[in-house]
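Trainee: In terms of numbering that gives the first Met the number 0, the numbers along the sequence shown are unbroken and rise by one, the last being 342. We treat Cβ as the ideally placed atom computed from N, Cα and C, and that holds for glycine.
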Amino acid sequence: MKMLLRNRELSALLAILALFAVLVALNPAYFSFQTLGMIFASSQILILLALGAAMVMLTRNIDVSVGSTVGLCAIAVGVALNSGYSLPVAMLFALTIGALAGAFNGFLVVGLRIPAIVATLGTLGLYRGGMLLWTGGKWIEGLPSSLKSLSEPVVIGISPIGFGVLILAGIGARIFSRTLFGRDFYAVGDNLAAARQLGVAVNRTRMIAFTLNGVLAACAGIVFASQIGFVPNQTGSGLEMKAIAACVLGGISLLGGTGTLVGAFLGAFFLTQIDTVLVLFKLPAWWNDFIAGLVLLGVLVLDGRLRQALARHQRALKYSRFQPGNRGGKHVTPFTKRKKEVA
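1. Who are the near neighbours of Gly327 in its chain, counting only those whose CB is closer than 7 Å to its CB and skipping five residues on each side?
2. Is it a yes or a no for the region 234-243 touching the region 12-22, going by three-plus beta-carbon pairs under 8 Å?
3. Could you check where the alpha helix (DSSP H) with Tyr185 kicks off and where it finishes?
4. Give the single residue among Pro27, Ala52 and Gly66 whose Cα lies nearest to the Cα of Asn232.
5. Going by the DSSP bridge assignment, what does Ile139 pair with across the sheet?
6. Taking Cys218 as the reference, give the member of Asn202, Cys72, Gly256 and Trp286 with the closest Cα.
7. Could you tell me how far apart the beta carbons of Ala100 and Gly220 are, in whole angstroms, since I believe they sit closer than 8 Å?
8. Short of 7 Å in beta carbon distance, which residues of its chain neighbour Ala342, apart from the five on each side in sequence? Order them along the chain.
9. Using 9 Å as the limit for Cβ to Cβ distance, is Leu123 near chain B?
10. Using a Cβ-Cβ cutoff of less than 7 Å, which residues in the same chain neighbour Ala93 once the five nearest sequence positions on both sides are dropped?
11. Any heavy atom of the ligand SAM inside 8 Å of the beta-carbon of Ser150?
12. Is Gly256 closer than 9 Å to Arg59 when the C-beta atoms are compared?
13. With H, G and I counted as helix, E and B as strand and the rest as coil, what does DSSP make of Ile157?
14. Helix, strand or coil, according to DSSP, for Arg7 in the structure here?
15. Just to confirm my understanding: we take Phe32, look at its own chain, exclude 5 residues before and 5 after, and list those with CB closer than 7 Å. What are they?
16. In whole angstroms, what is the alpha-carbon distance linking Gly249 and Gly266?
17. Measure the C-alpha to C-alpha separation of Ala49 and Asn202 and round it to an integer number of angstroms.
18. In or out: Ile116 buried (at least 16 other Cβ within 10 Å) or exposed?
19. Pull up the distance between the alpha-carbon of Val109 and that of Phe209, whole angstroms please.
20. Hey, out of Ala315, Gly181 and Asn287, whose CA is closest to Gly258's CA?
21. Measuring alpha carbon to alpha carbon, tell me which of Leu47, Met206 and Gly228 ends up nearest Gly171.
22. Whose CA, out of Leu316, Trp286, Phe268 and Leu293, lies closest to the CA of Leu16?
23. CB Leu260 to CB Ala53, shorter than 9 Å?
24. Here's the rule: buried if 16 or more other CB atoms are within 10 angstroms of the residue's CB, otherwise exposed. What is Asn26?
25. Taking the alpha carbon of Thr122 as the reference point, which residue from Gly161, Glu140 and Gly70 has its own alpha carbon closest?
26. Go through its chain and collect everything with a Cβ distance to Met90's Cβ below 8 Å, but skip five positions before and after it.
27. State the CB to CB distance for the pair Glu151 and Ser145, rounded to an integer number of angstroms; the pair is presumed to be in contact (CB under 8 Å).
28. I need the straight-line Cα distance from Gly36 to Lys137, nearest angstrom please.
Below you can see the structure in the form of structure tokens.
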């Protein structure tokens, strides 16, 4: 139990396996790589958004504008392709817009010192309005097959875009767990004043977090356009809340400084898995958000209760070590224990 509480990634993985086991138990035909590939394909957009949201949340900030950024960048890649530009140029154009959108969020928070939730609520409407003004409220249709082919399965049910998502997640997880660059994000979110004293470039780190979040939102926009084949005028609506929920499920703390990108990845996969299971069992679509929200609340309440119980247990053990009567009635402290070891 202690291991599960301390390792939220393991908890999320066990939840994924348990839900898959329930699915297979109800219908053994779903026990296949095809089912896993279908769930992973559906989760790629949310995974990218969760990875970006995790970077921002680690620095004790939040970005609720990523859904609008997804729509804006999906429009960008669609407009560029329909204007005759090549696929690499169109993708680079979308990534640039995503980076600029994220950097602008960072400027509002870091440069103008506007609270992140307020700043990104403003840009949520700004980017959504810009998207609608750009297209006149119309859908972007007739996207070329070169873009759609990126989402077609090639190996074990995984598409080229799917392999790209896995590579991005793997590289990000390694950077944030093994490099000083990644540890700076944790330092900023854990204790801002201490991070400054340690020489961490606090403002630069937060700017990078918002910018990378925008880039990953742009990647999600490209994936959306590739999978759907067209871009509706409401693309990305509501995705920001799902990204944050996926991060929380995977162990990313809203208070910053805690969690991993692996946890965000697994949280996004689990949320998508819930939706997929409901679809496979032909339940009405309006149940998706209700059940996903219910699961999220249940996990958070249970996790909070278990953590409180574990903390009380640890405090009780610590207190009992200092009681007279322990070890022959002597008042044992770490200092006296250390003296005995030295002697």
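Mentor: Taking the structure as given:
1. Looking up residue 327 in the sequence shown gives position 328. Unreliable placement is indicated for Gly327, whose pLDDT of 45 sits below 50; the coordinate value is still reported in the next sentence. Counting only Cβ-Cβ distances below 7 Å, and skipping sequence neighbours, we find nothing.
2. When Cβ pairs closer than 8 Å are counted between the two stretches, the region 234-243 is seen not to touch the region 12-22, the count staying below three.
3. Sequence index remark: in the sequence shown, residue 185 carries index 186 (1-based). In the DSSP annotation of this structure, the continuous segment of the alpha helix (DSSP H) that includes Tyr185 starts and ends at Leu179 to Asp189.
4. As a position in the sequence shown, residue 232 is number 233, starting the count at 1. Among Pro27, Ala52 and Gly66, the Cα nearest to that of Asn232 is on Gly66.
5. Residue 139 sits at position 140 when you count from the first residue of the sequence shown. According to DSSP, Ile139 bridges with Val230.
6. Within the sequence shown, the letter at position 219 stands for residue 218. The shortest Cα separation from Cys218 among Asn202, Cys72, Gly256 and Trp286 belongs to Cys72.
7. Counting from 1 along the sequence shown, the entry for residue 100 is found at position 101. Counting from 1 along the sequence shown, the entry for residue 220 is found at position 221. Here Ala100 is actually not in contact with Gly220; their C-beta atoms are around 10 Å apart, not less than 8 Å.
8. Your numbering for residue 342 matches position 343 in the sequence shown. Residue placement at Ala342 is flagged as unreliable, the pLDDT there being 42, under the threshold of 50; the coordinate-derived value follows with that caveat. Here the set comprises nothing.
9. Going by chain labels, chain B is absent from the structure shown, which holds only one protein chain.
10. Counting from one through the sequence shown, the residue named residue 93 turns up at place 94. Only Cys72, Ala75, Val76, Ala217, Gly220 and Ile221 meet the Cβ criterion.
11. In the structure shown, the ligand SAM is absent, as is every other ligand, since no ligand is present at all.
12. Reading the sequence shown from its first residue, position 60 is the one you call residue 59. Reading the sequence shown from its first residue, position 257 is the one you call residue 256. A contact, by the Cβ cut-off of 9 Å.
13. Within the sequence shown, numbered from 1, the residue matching residue 157 stands at position 158. Ile157 falls in the strand class under three-state DSSP.
14. Numbered from its first residue, the sequence shown carries residue 7 at position 8. Reduced to three states, the DSSP call for Arg7 is helix.
15. Working through the sequence shown from its first residue, we reach residue 32 at position 33. Within its own chain, the residues whose Cβ lies closer than 7 Å to the Cβ of Phe32, once the five positions on either side in sequence are excluded, are Ile155 and Gly156, listed in chain order.
16. Within the sequence shown, residue 249 is the residue found at index 250, counting from 1. Within the sequence shown, residue 266 is the residue found at index 267, counting from 1. Gly249 and Gly266: Cα-Cα distance of roughly 4 Å.
17. Within the sequence shown, numbered from 1, the residue matching residue 49 stands at position 50. Within the sequence shown, numbered from 1, the residue matching residue 202 stands at position 203. Roughly 22 Å separates the two Cα atoms.
18. Taking the sequence shown and counting its residues from 1, the one referred to as residue 116 is at position 117. The residue is exposed, with fewer than 16 neighbouring Cβ atoms inside 10 Å.
19. As a first step, residue 109 is located in the sequence shown; it is residue number 110 there, counting from the start. As a first step, residue 209 is located in the sequence shown; it is residue number 210 there, counting from the start. In a straight line, the C-alpha of Val109 is about 10 Å away from that of Phe209.
20. As a position in the sequence shown, residue 258 is number 259, starting the count at 1. Answer by Cα proximity: Gly181.
21. As a first step, residue 171 is located in the sequence shown; it is residue number 172 there, counting from the start. Minimum Cα distance to Gly171 is reached at Leu47.
22. Counting from one through the sequence shown, the residue named residue 16 turns up at place 17. Distances from the CA of Leu16 to each of Leu316, Trp286, Phe268 and Leu293 were compared; the closest alpha carbon is that of Phe268.
23. The count along the sequence shown starts at 1 and reaches residue 260 at position 261. The count along the sequence shown starts at 1 and reaches residue 53 at position 54. Taking 9 Å as the cut-off, the Cβ atoms of Leu260 and Ala53 count as close.
24. Numbered from its first residue, the sequence shown carries residue 26 at position 27. That one is exposed.
25. As a working mapping, residue 122 is identified with position 123 in the sequence shown. For the residues Gly161, Glu140 and Gly70, the minimum Cα distance to Thr122 belongs to Gly70.
26. Translated into the one-based positions of the sequence shown, residue 90 becomes position 91. Excluding positions up to five away in sequence, the list reads Val76 and Ile221.
27. Along the sequence shown, one-based indexing puts residue 151 at 152. Along the sequence shown, one-based indexing puts residue 145 at 146. Contact between Glu151 and Ser145 fails: their C-beta atoms lie close to 11 Å from each other, not under 8 Å.
28. Within the sequence shown, residue 36 is the residue found at index 37, counting from 1. Within the sequence shown, residue 137 is the residue found at index 138, counting from 1. C-alpha separation (whole angstroms): 32 Å.
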